[in-house]
Every structure is written in C-alpha cells, then in structure tokens.
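So the sequence shown is numbered by my numbering: it starts at 10 and just counts up by one.
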Amino acid sequence: MNPAAPVLVTGASGYVASWLVRDLLEAGYTVHGTVRDPQKKSGLEHLHELSESHPGKLKLFKADLLDAGAYDAAMQGCELVMHTASPFVISGLKDNYEQLVRPALEGTRNVLESCNRCTSVKRVVLTSSVVAIYGDSIDGQNVPKHTFTEEHWNTTSTVDHQPYPYSKVVAEKEAWAMQEKQDRWDLVTINPGLVLGPSLTKASASTSLVFIKQLANGTMFPGAPDLWMGVVDVRDVAQAHIKAGFTPAAKGRYITNAANTNALEMGRVLRKKFGSGFKFPLFTAPKALVWLVAPMAGLTRKFVTLNVGYRIGFDNAKSRRELGMSYRPLEQTLVDHFQQVLDDGILRRR
Ligand code: NAP
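Next up, the structure:
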C-alpha cells in the first residue's frame, strides 16, 4: 500500500467516518471523502475545520449510494477504499426496503463496481456490524457460551423483521460475493457492536447518538428491557478501520467490540459518575411488561419475544490478535460521550 496514495472514505460526514477521516489525516494520509451534499450549509463544519488544519489533505466529493458511478471520481488514485456510508436508523421507518436495505445493498454494489473499474484499488475495508453476525439475541442460544465469533452469520433477519440487521447482512454478503469474482482488491470487514463515544459531528442521525440520550432522558426510567448488546468506542472503531486497511495480513471479518452489556448496567456506570439528577434506568423491566407496551415504544412484540432476556457475547480475540487492537473500557466511552451531551446542552440535570 503506497502511503502517499489518497484513501477514500465514503459517508465521510457520519459519526464513525468523521473519526476515521480525522485519524487518517492525523496519521499523515490524504483523504478523499464522499458526502451527499458538499455544499450544504451545516453538518460539514467539522470536516471543513479538519481541512483547514490539514491543508491540501482532505478533498470532499459528492456521491449518493444510489447514483450509479457516483464514486468513480473520488476513487481515482486510491489504493484503499473505506466504505462506511449506510443508513443507521431503526425507528420511525416508513419503508424498510427503500430507507435501509436498498441504500445498503445497492450502495455497496455501486461502490464495489467503482472498485472494479478503478485499477488502483488494492483493498476495501467495509463497515459491517455485529448484526451481520446475528439477528436476534435468541440466536445466541445455538452458539457455544452464547458468544458469537466471525464464523457466525445472521440468518434470521428479513426486510420486515429486524430490517437494519438485514440491511447489513445482505450488504456484507454482496461485498464478499463481488470480491470473490476478481483478484485485484481484497476485502476486510469491521463488525462493531453498538458504537458510542464522543461525536465530532452534531448532524448525524446515527442511532448511537439517539441511544445515549435515551439512557438519561427517562425513555428507560425506571425500568429498562433486559437487552444485551456489544458496545465499542467510536475512536477504537476508527482505529480498527485504519489497522485493517494498513495491516497487510488482515483478512476476513473482525468483530470490534469492547464490552457485552445492557442498558441497566450502562445506567449504573453513568449514575456513579453523574449522580441521580438524570433518569438513568434503575431496574430491569419485566419481560411481560415490555412485551405489553412494546408497540407504544416503537418495538414489535416479536422483537421483544426474541431478544429480551437472552444474554449474548462477542469474541473480539481475532481483532486483538491480528490487528493489535486494544479497547477503551466501557466506563470511559460512556462518561466521555455523556459529558459531551451535557457540554452541548442536549440534556440538563433534573
Ligand atoms: P451516520 O452518522 O448516520 O452515518 C451514515 C453515513 O451514511 C452518513 O455519512 C450518510 O451521509 C451516509 N449515507 C446514508 N445514506 C446515504 C446515501 N443514500 N448516499 C450516500 N451516503 C449515505 O451513522 P454511523 O453510526 O456513523 O454509521 C456508519 C456506518 O457504521 C454504517 O455503515 C453503520 O451501519 C455502521 N455501524 C454503525 C454502528 C453504530 O453503532 N453507530 C455499529 C455498527 C456498524 P449523509 O451525511 O449525507 O446523511
């Protein structure tokens, strides 16, 4: 990999990608970042600041996942392509296919077709997710120690049930299928759990930024559903992409996950640090109650049945061993993120 060649980051303005762009620039690389609207008045301020502090090193290109050939110009001269752009929304959806699956699947196909045309490309790092590995927590009942590894695939999600996980698994599968049809570029996927930690952008619609507010604004007060998940710091996810891009021997999928936890435990960590002036969850809500009120909270009863109360874990050993990853502790991620929410005036003490 030529260190002087530009690195392409798709969806450069996103929550995860913004840290990735920043870290690449800090490490001295030139970055070609794609955004849907480079002229927009707000939402790109942090990228413009990065551009000013790294003169000539960050170039923004206009590209939409659904526009055929839209990534060709940004990819010229790039050996490494980091494809992060994909919608991460799980509530308020009106059309699961159009809003989630189509941009994830057709977008991945579109970006990789550009890679097939652009002869400089040697490696693609795709931002996948642990939800390409499992669909519902109950799936963990069928794996040793209820702990998922890179060997596992989500076989249970559909457009109607768990559409976001479905969008991630079909996109990742398409990427592997396209990679196998040629031998110029290889593919490495980063499969993070829920990404949390301070945000460089205030404009992202990422569910990560919604979730941290919900932990404190009473959405889960006094009782939180017993939903287990993997959590990882956004700054570590950015590093994982860079290590995956520049470690020649990196191969296959990498679970990037720091902790296996649930909302009650995260509430406990935050209450210990920030006191009881916020409505952090205090108890675990009984599953029957969660099932009953699910539709009012925007959840389906099927989701509650298949996910609440099943403890799951994720094995991050491959990322530690092969990429040399180490992960910030959960407490640091939550405290740094929540402090930012307070500093920005998004939530106030009761
Ligand atoms: P985000 O801030 O919402 O970023 C999503 C990015 O995708 C944005 O830059 C957005 O561009 C872009 N995008 C969406 N639809 C597009 C389209 N039609 N054409 C072009 N760009 C489009 O969310 P995020 O949390 O950073 O997620 C980034 C990636 O990480 C996604 O692939 C997501 O699945 C993956 N991931 C996230 C988490 C997590 O917990 N956050 C966990 C695992 C995996 P605009 O700025 O123009 O809207």
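Just so it is clear, CB atoms sit at the ideal spot from N, CA and C, and this is done for glycine as well.
Mind reading off the beta-carbon distance from residue i to residue j? Whole number of angstroms is fine, and I expect it under 8 Å.
i: residue 114; j: residue 176; result: 7 Å
i: residue 266; j: residue 241; result: 5 Å
i: residue 159; j: residue 259; result: In fact, because the Cβ distance is near 12 Å, the residues do not count as touching under 8 Å.
i: residue 216; j: residue 97; result: 5 Å
i: residue 99; j: residue 237; result: Rounded, the Cβ-Cβ distance is 16 Å, inconsistent with contact.
i: residue 127; j: residue 84; result: 4 Å
i: residue 232; j: residue 293; result: 6 Å
Look up residue i in the DSSP assignment and say whether it is helix, strand or coil.
i: residue 92; result: strand
i: residue 117; result: helix
i: residue 254; result: helix
i: residue 128; result: coil
i: residue 165; result: coil
i: residue 262; result: strand
i: residue 322; result: strand
i: residue 185; result: helix
i: residue 229; result: coil
i: residue 201; result: strand
i: residue 135; result: strand
i: residue 287; result: coil
i: residue 142; result: coil
i: residue 76; result: coil
i: residue 99; result: coil
i: residue 278; result: helix
i: residue 10; result: coil
i: residue 60; result: helix
i: residue 207; result: coil
i: residue 148; result: helix
i: residue 153; result: helix
i: residue 51; result: coil
i: residue 348; result: helix
i: residue 309; result: coil
When DSSP builds the beta bridges, which residues end up paired with residue i?
i: residue 330; result: Note: residue 330 sits in no beta bridge, so no partner.
i: residue 174; result: Paired residues: none, contrary to the question.
i: residue 268; result: 240
i: residue 158; result: DSSP lists no partner for residue 158.
i: residue 67; result: 40
i: residue 195; result: 132
i: residue 3; result: Since the displayed the chain opens at 10 and closes at 359, residue 3 lies outside it and no answer follows.
i: residue 293; result: 233
Tell me the rounded alpha-carbon separation between residue i and residue j.
i: residue 350; j: residue 283; result: 12 Å
i: residue 35; j: residue 302; result: 47 Å
i: residue 6; j: residue 230; result: Residue 6 falls outside the range modelled here, since the chain spans only 10 to 359, and no answer is possible.
i: residue 163; j: residue 264; result: 14 Å
i: residue 95; j: residue 70; result: 17 Å
i: residue 206; j: residue 58; result: 20 Å
i: residue 278; j: residue 359; result: 18 Å
i: residue 345; j: residue 221; result: 11 Å
i: residue 213; j: residue 334; result: 26 Å
i: residue 248; j: residue 11; result: 19 Å
i: residue 140; j: residue 13; result: 34 Å
i: residue 201; j: residue 286; result: 31 Å
i: residue 329; j: residue 245; result: 12 Å
i: residue 28; j: residue 243; result: 7 Å
i: residue 309; j: residue 45; result: 32 Å
i: residue 105; j: residue 340; result: 34 Å
i: residue 25; j: residue 17; result: 14 Å
i: residue 239; j: residue 342; result: 13 Å
i: residue 275; j: residue 82; result: 43 Å
i: residue 130; j: residue 195; result: 9 Å
i: residue 110; j: residue 52; result: 24 Å
i: residue 62; j: residue 43; result: 19 Å
i: residue 66; j: residue 21; result: 14 Å
i: residue 174; j: residue 271; result: 18 Å
i: residue 297; j: residue 352; result: 37 Å
With a threshold of 8 Å on Cβ separation, who are the neighbours of residue i within its own chain once the five nearest residues in sequence on each side are excluded?
i: residue 150; result: 319
i: residue 156; result: 149, 321, 322, 323, 324
i: residue 307; result: 100, 101
i: residue 337; result: 206, 242, 244, 245, 267
i: residue 9; result: Lying before the first or after the last residue shown, residue 9 is absent from the chain, which here runs from 10 to 359.
i: residue 280; result: 287, 289
Once the 5 residues before and after residue i are set aside, which same chain residues still bring their CB inside 7 Å of it?
i: residue 31; result: 59, 209
i: residue 253; result: 134, 197, 199, 259, 263, 332
i: residue 15; result: 39, 40, 41, 86, 87
i: residue 116; result: 74, 75, 94, 95
i: residue 125; result: 191
i: residue 183; result: 114, 117, 118
Please list, in chain order, all residues of the same chain as residue i whose beta carbon is under 6 Å from its beta carbon, the five residues on each side excluded.
i: residue 80; result: 72, 120, 123
i: residue 315; result: 145, 147
i: residue 374; result: The shown model of the chain, from 10 to 359, leaves out residue 374, and the question about it has no answer.
i: residue 54; result: none
i: residue 172; result: 105, 109
i: residue 203; result: 238, 240
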